[in-house]
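Protein chains in written order, with the numbering used here: chain A, 598 to 907; chain B, 598 to 907.
2 protein chains.
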Amino acid sequence: MTNFTLKQLRYFEALAEQQHFGRAAEVCAISQPALSVQIKELEQQTGKALFERGARQVRLTAFGEDFASRVRILLRQADDLGAFAAASRERLAGRFRLGVIPTVAPYLLPGLVPQLSAHFPDIELRLRESQTARLVEELLQGRLDAALVALPVEETSLTETPLFAEDFVLVRPRAEGAHPVPHITELRNMLLLEEGHCLRDQALSFCNRPAGFARDDLDGSSLSTLVQMVGAGLGVTVLPEMAVPLETRMADVTCSAFRGSVPGRTIGMVWRRTNPMTQELLQVAQVVREAARTTCNGARVLHSRSGETL
Amino acid sequence: MTNFTLKQLRYFEALAEQQHFGRAAEVCAISQPALSVQIKELEQQTGKALFERGARQVRLTAFGEDFASRVRILLRQADDLGAFAAASRERLAGRFRLGVIPTVAPYLLPGLVPQLSAHFPDIELRLRESQTARLVEELLQGRLDAALVALPVEETSLTETPLFAEDFVLVRPRAEGAHPVPHITELRNMLLLEEGHCLRDQALSFCNRPAGFARDDLDGSSLSTLVQMVGAGLGVTVLPEMAVPLETRMADVTCSAFRGSVPGRTIGMVWRRTNPMTQELLQVAQVVREAARTTCNGARVLHSRSGETL
DNA sequence: TAAAAATACTCCATAGGTATTTTAT
DNA sequence: ATAAAATACCTATGGAGTATTTTTA
Chain A
598 MTNFTLKQLR YFEALAEQQH FGRAAEVCAI SQPALSVQIK ELEQQTGKAL
648 FERGARQVRL TAFGEDFASR VRILLRQADD LGAFAAASRE RLAGRFRLGV
698 IPTVAPYLLP GLVPQLSAHF PDIELRLRES QTARLVEELL QGRLDAALVA
748 LPVEETSLTE TPLFAEDFVL VRPRAEGAHP VPHITELRNM LLLEEGHCLR
798 DQALSFCNRP AGFARDDLDG SSLSTLVQMV GAGLGVTVLP EMAVPLETRM
848 ADVTCSAFRG SVPGRTIGMV WRRTNPMTQE LLQVAQVVRE AARTTCNGAR
898 VLHSRSGETL
Chain B
598 MTNFTLKQLR YFEALAEQQH FGRAAEVCAI SQPALSVQIK ELEQQTGKAL
648 FERGARQVRL TAFGEDFASR VRILLRQADD LGAFAAASRE RLAGRFRLGV
698 IPTVAPYLLP GLVPQLSAHF PDIELRLRES QTARLVEELL QGRLDAALVA
748 LPVEETSLTE TPLFAEDFVL VRPRAEGAHP VPHITELRNM LLLEEGHCLR
798 DQALSFCNRP AGFARDDLDG SSLSTLVQMV GAGLGVTVLP EMAVPLETRM
848 ADVTCSAFRG SVPGRTIGMV WRRTNPMTQE LLQVAQVVRE AARTTCNGAR
898 VLHSRSGETL
């Protein structure tokens, strides 16, 4: 029963205003008969006369008046919908759900969030801190729009763009600070994050050791804890460089760069390959690079490969 | 820029709900390609991706979500508009502006208004009491929908339907009550309403006298005044029968029926010939007849000529 | 390989144009 | 007689169908 068209309603509104088929048709940029037909059609569909046709006057009927006031509201809302789309077309806007791994979040976000807000004033940013596996899971389920994780991510349905690389540094009790820096494969008594953190896997892979190598009776749940444990003489650990300023300030530890083959990680952004907002996502990635450059110690910004702008 | 159609929005809503082109197309009772094309069209017109197409999943984009919530509001409003029309289709509803001449209003309206409200619960009744010429003027200007006046009305652009006829009675000072009732053409010292009232013209016409005949130094502005003047011995007058109970109760006058050729008037309803709500207007007329029959002394109900139901 | 969306094409409904008639003043 | 809306008729756009291809998991 509601099969009138917006076009008909616009014609109706014009006629209600002009009170004259000829002028209203002109306003609508159509011919007078075309307008007549559409108005007639609308009247048939409503089942009520909308206009009273006098010889030299076209007037709304009582019903037409009521109808018109509702039609105006409807049309303005339709206009608003169009304007809303047009406005959103220009800039990234709306909800943006970003996941970040725990070994990046505390060091990057303080610089990133304000910069994102500055670049995309109409964004509604929702952040989620979790381990890679979980973030990937939520991405695939459509509960996140993008995530900042360590590359590579083995998931064919996700696309990625590299953001920045950084080295790992060795964290030892301050007392050992004078000792020569061992090669990473020679580390003893290494303290690691608990199972599931990518940093744990990365550190282990650099050491060329099996998972059983580390002191898994003392896995830490955060880098802060880990550093505190090092300060207490329970062992050594590695830290991504961006974490150094924040985590070692209050601890009785010393940080040293590795020599030779320096271990490190690459942080990138990943999102569903099917997400159609590639343009916008790459804009976000660019802002993340900028934030990393300005606020993260030792982050070497990486640039997206050409062709990714597709 | 706002040239999407309601149809497209309905398809969009279905797809947003079903998250599947095939099922959504089924819901819309169209083929899957038809839906695809319209969604694509909508996306082009908004200039933004609305859906994220996965292999086994169709999801709204962030923008799509926002868009959808607005679209739902718009569609519900469109549905309401249709429902509003459907509801009004059944019964007379909306504003109804009725004019009534002063020599009818006080006697008819107390009975009429409740009956109109009872028959048309959704009517918004607006009443206007004025002299015939003015009512006709306002009718022609579209500021009234109908008027109750004395027939005939010489105005080709108006249609009329008769409602009821009634006699005039002679009103004399009570002291003269015993005198024989004169023929109406023999009246002396007749008091009349002021210029412009149709009752004045009618009375004069029955008397076969020129306009100068009456005591125009004493024209009354209402029937009440006139009757009071008669009671004070200033002359005599005629009253339509419906006015007798109300007007003569408190006055020192007596009422007598004329003999021989009894003067009277016919009250009818008039409206613009172009008014498309003839059906409804005739319904209203019927209610007026009913009200006159039950509440107006001596009103002889007249019935509309056949063919008027057009 | 299978499921699903996009594309290609064809057809038909209908919106809109021009010419004309009807209507009402 | 004139101004204006309705009607008639024609054309062309575009919505929707079927068949097919493309895509991705």
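Cβ coordinates follow ideal geometry from the N, Cα and C atoms, glycine included.
For the set B:SER819, B:ARG688, B:ILE720 and B:THR834, the Cα lying nearest the Cα of B:LEU788 is the one of B:THR834. The criterion of a C-beta distance shorter than 7 Å is not satisfied by B:CYS852 and B:VAL859. In the structure shown, the three-state DSSP call for A:PRO837 is strand.
The beta carbon of B:LEU820 is closer than 7 Å to those of THR700, LEU836, ALA840 and GLU844 in its chain, skipping five residues each way along the sequence. Segment contact: the stretch 776-787 of chain B against the stretch 721-740 of chain B, fewer than three CB-CB distances shorter than 8 Å; contact not assigned. Annotation note: the stretch 720-758 of chain A contains the following uninterrupted alpha helix (DSSP H) runs of length 4 or greater, listed N- to C-terminal: 729-737. Identification of chain A residues near B:PRO873 by a Cβ-Cβ cut-off of 7 Å yields ALA646, GLU649 and THR658, ordered along the chain. Close partners of A:LEU603 in chain B (Cβ separation under 7 Å): THR602 and LEU603. Distance check between A:LEU784 and each of A:GLU791, A:ARG769, A:ASP798 and A:HIS794 places A:ARG769 closest, using alpha-carbon atoms only.
Under the DSSP assignment, A:ILE698 falls outside any alpha helix (DSSP H); it carries neither an H nor an E label. Cα atoms of A:ARG692 and B:THR875: separation of roughly 55 Å, rounded to the nearest angstrom. For B:ARG653, no alpha helix (DSSP H) segment is defined, and its DSSP state is neither H nor E. Under DSSP, A:PHE765 shares a beta bridge with A:PRO837. At a Cβ-Cβ threshold of 7 Å, B:VAL850 and B:ARG771 count as neighbours. Taking 7 Å as the upper bound on Cβ-Cβ separation, chain A lies near residues ALA675, ASP676, LEU678, GLY679, PHE681, ALA682, ALA683, SER685, ARG686, GLY691 and ARG692 of the stretch 675-692 of chain B. Think of a sphere of 9 Å around the beta carbon of A:ASP663: the chain B residues whose beta carbon falls inside it are PHE681, SER685, ALA690, GLY691 and ARG692, in chain order. Within chain A, the residues LEU678 have their CB atoms less than 9 Å from the CB of B:VAL668, given in chain order.
Inter-residue distance for B:ALA690 and A:ASP677 is about 31 Å (C-alpha atoms, whole angstroms). The beta-carbon of A:GLY619 is placed no less than 7 Å from the nearest beta-carbon of chain B. A check of alpha carbon separations from A:ALA829 across A:ALA848, A:SER818 and A:ASP742 identifies A:ALA848 as the nearest. The contact set of B:LEU671 on chain A, defined by CB atoms closer than 8 Å, consists of LEU671, GLN674, ALA675 and LEU678 in chain order. Under the 7 Å criterion on CB atoms, B:GLY739 is classed as interfacial with respect to chain A. Taking a Cβ-Cβ threshold of 9 Å, none of the residues of chain B is close to A:THR758; the smallest such distance is about 18 Å. Spanning the alpha carbons of B:ALA715 and B:VAL881 requires a straight line of approximately 12 Å. Per DSSP, A:ALA772 is not a residue of any beta strand (DSSP E), being assigned neither H nor E.
Three or more Cβ pairs closer than 8 Å define a contact, and the stretch 665-672 of chain B falls short of that threshold against the stretch 704-715 of chain B.
Those residues of the stretch 740-752 of chain B placed with their C-beta closer than 7 Å to a C-beta in chain A are ASP742, ordered along the chain. Between the stretch 862-870 of chain A and the stretch 736-752 of chain A, the count of Cβ pairs shorter than 8 Å is three or higher; the stretches touch. Within chain A, the residues GLU649 and GLY651 have their CB atoms less than 8 Å from the CB of B:ARG869, given in chain order.
Looking only at B:ALA775, B:PRO759 and B:GLY832, the smallest Cα-Cα distance to B:ALA896 is reached by B:PRO759. With its beta carbon less than 7 Å from one in chain B, A:THR599 belongs to the interface.
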